[in-house]
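The sequence shown lines up with residues 15 to 231 when you count with the numbering used here.
For glycine and all other residues, C-beta sits at the position ideal for the given N, C-alpha and C.
Please read all numbers here as calculations on a predicted model, not as lab measurements.
Below is one structure, written out as structure tokens; the observations come after it.
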Amino acid sequence: MDIQRLMQQRKSVRNYLDKPVLRADIEQVIQSAGLAPSAINLQPWEYVVTYGEEKDRLIRSLKKLHSIKNVSCGPGTTEPLPDKYSKRSKDALKVMGPQIEKLNLPFNRFIEEGSCSFYGAPVVIIVVIDKIFPELRYLDVGLSVSYLLLAAEEKGISTCPIGLVTDYGDEIGDALNISQDKKVLLAIALGYENEVAPENQIRTDRAPLNEILTWYE
Ligand SMILES: Cc1cc2nc3c(=O)[nH]c(=O)nc-3n(C[C@H](O)[C@H](O)[C@H](O)COP(=O)(O)O)c2cc1C
Numbered sequence: 015m016d017i018q019r020l021m022q023q024r025k026s027v028r029n030y031l032d033k034p035v036l037r038a039d040i041e042q043v044i045q046s047a048g049l050a051p052s053a054i055n056l057q058p059w060e061y062v063v064t065y066g067e068e069k070d071r072l073i074r075s076l077k078k079l080h081s082i083k084n085v086s087c088g089p090g091t092t093e094p095l096p097d098k099y100s101k102r103s104k105d106a107l108k109v110m111g112p113q114i115e116k117l118n119l120p121f122n123r124f125i126e127e128g129s130c131s132f133y134g135a136p137v138v139i140i141v142v143i144d145k146i147f148p149e150l151r152y153l154d155v156g157l158s159v160s161y162l163l164l165a166a167e168e169k170g171i172s173t174c175p176i177g178l179v180t181d182y183g184d185e186i187g188d189a190l191n192i193s194q195d196k197k198v199l200l201a202i203a204l205g206y207e208n209e210v211a212p213e214n215q216i217r218t219d220r221a222p223l224n225e226i227l228t229w230y231e
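Here is the structure:
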């Protein structure tokens, strides 16, 4: 499928079929993620994949931790967001709200508990970077993650990036035996979409071009 269609088609999926993903497909998706460009070809991204019993064990420990720490979903800023940005997140909530209401769950509970259980995805990918790198290199990892999401989409495999759990990065590291030299940047739920689930009928909007593009000529 052409890249433009893939980019338009990809969305975050928050309900998955109980259908395994082939290991070969996961490897190909990660291999595509590794094709991303990076500063002086450092390729600072690393991916840890878990599924089955180990993934379930991770979810149990995240849920336990979450019941104590109660991290909520937010922009991660210390200052209040300027209107332009808060409007975008409010608009997203407007699109998501009515679908989540159908599940008879409070919105925050759906997002927080759903994120901690990776929305029932059969596969979870943890994205890590060596702590030796400065934050600027997170950009390189972000590029690689974009490749990963699109490569999965191309195979008909859905994803949801999950940042909420990175507050529990140390515990994820412990559970998956990730070296303390690595920082957990993101989790990605991966699997086949349950196409009839209300929470998968969400299509978030994007800002118009004039909000993200400035010409200087
Ligand atoms: C870095 C990052 C972190 C995210 N964290 C979460 C999360 O913790 N929980 C969740 O449900 N969705 C999470 N998302 C998904 C966003 O909510 C989603 O990408 C956004 O609303 C746009 O919708 P779309 O992906 O369907 O286009 C995250 C996305 C990104 C890129």
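Just verifying my parser: in three-state terms, what is the DSSP assignment at residue i?
i: C130; result: helix
i: A221; result: coil
i: K145; result: coil
i: G205; result: strand
i: V85; result: coil
i: S75; result: helix
i: V138; result: strand
i: T173; result: strand
i: S52; result: coil
i: M15; result: coil
i: I186; result: helix
i: P112; result: helix
i: N191; result: coil
i: Y230; result: coil
i: P212; result: helix
i: E93; result: coil
i: N118; result: coil
Given residue i, which residues of its chain have a CB within under 8 angstroms of its CB, disregarding the five upstream and five downstream residues?
i: D195; result: D144, K145, I146
i: W229; result: none
i: Q42; result: A165, K169
i: T17; result: The amino acid occupying residue 17 in the given sequence is Ile; Thr does not appear at that position. Correct list, in chain order: L164.
i: K33; result: P136, G205, Y206
Could you round the C-beta distance between residue i and residue j to whole angstroms and report it? I think they count as a contact, below 8 angstroms.
i: E60; j: V138; result: Not confirmed; about 15 angstroms, so no contact.
i: L20; j: E167; result: 5 angstroms
i: P154; j: L56; result: Reading off the sequence shown, one finds Asp at residue 154, where the question assumed Pro. Between L56 and D154 the Cβ distance is about 7 angstroms, and since that is below 8 angstroms, they are a contact.
i: F121; j: G111; result: 6 angstroms
i: T64; j: L157; result: Not quite, the Cβ-Cβ distance comes to about 23 angstroms (not below 8 angstroms), so this is no contact.
i: I140; j: V210; result: With a Cβ gap of about 29 angstroms, I140 and V210 do not count as contacting.
Spatial neighbours of residue i within its chain, please: CB distance less than 7 angstroms, with the 5 preceding and 5 following residues excluded, ordered by chain position.
i: P94; result: none
i: E126; result: H80, S86, C87, L178
i: R102; result: A221
i: N29; result: Y133, G134, N208, A211, E213, N214
i: K197; result: V142, I143, K145, G183
Within a Cβ cutoff of 6 angstroms, which residues of the same chain sit near residue i, ignoring the five residues on either side of it in sequence?
i: S46; result: Y161, A165
i: L31; result: Y206, N208
i: R151; result: P58
i: L79; result: Y182, E185
i: L119; result: none
i: Q215; result: Q113
In the DSSP assignment, what are the bridge partners of residue i?
i: K197; result: I143
i: P34; result: Paired residue(s): none; P34 is not in a bridge.
i: E60; result: V142
i: S26; result: T173
i: Y65; result: V137
Comparing the CB of residue i with every heavy atom of ligand 3, is any distance shorter than 6 angstroms?
i: A203; result: As far as ligands go, the structure on display features ligand 1 and does not contain ligand 3.
Determine, using beta-carbon pairs with one atom in the segment 32-50 and one in the segment 157-176, whether at least three such pairs fall under 8 angstroms. yes
Segment contact flag, the segment 108-117 with the segment 37-48, C-beta cutoff 8 angstroms, min 3 pairs: no
Any 3 or more C-beta pairs closer than 8 angstroms across the segment 99-107 and the segment 19-26: no
Do the segment 197-204 and the segment 168-178 make contact, defined as three or more Cβ pairs closer than 8 angstroms? yes
Three or more C-beta pairs under 8 angstroms: does that hold for the segment 66-79 against the segment 124-140? yes
How about the segment 181-189 and the segment 80-88: do they share at least three Cβ pairs that are nearer than 8 angstroms? yes
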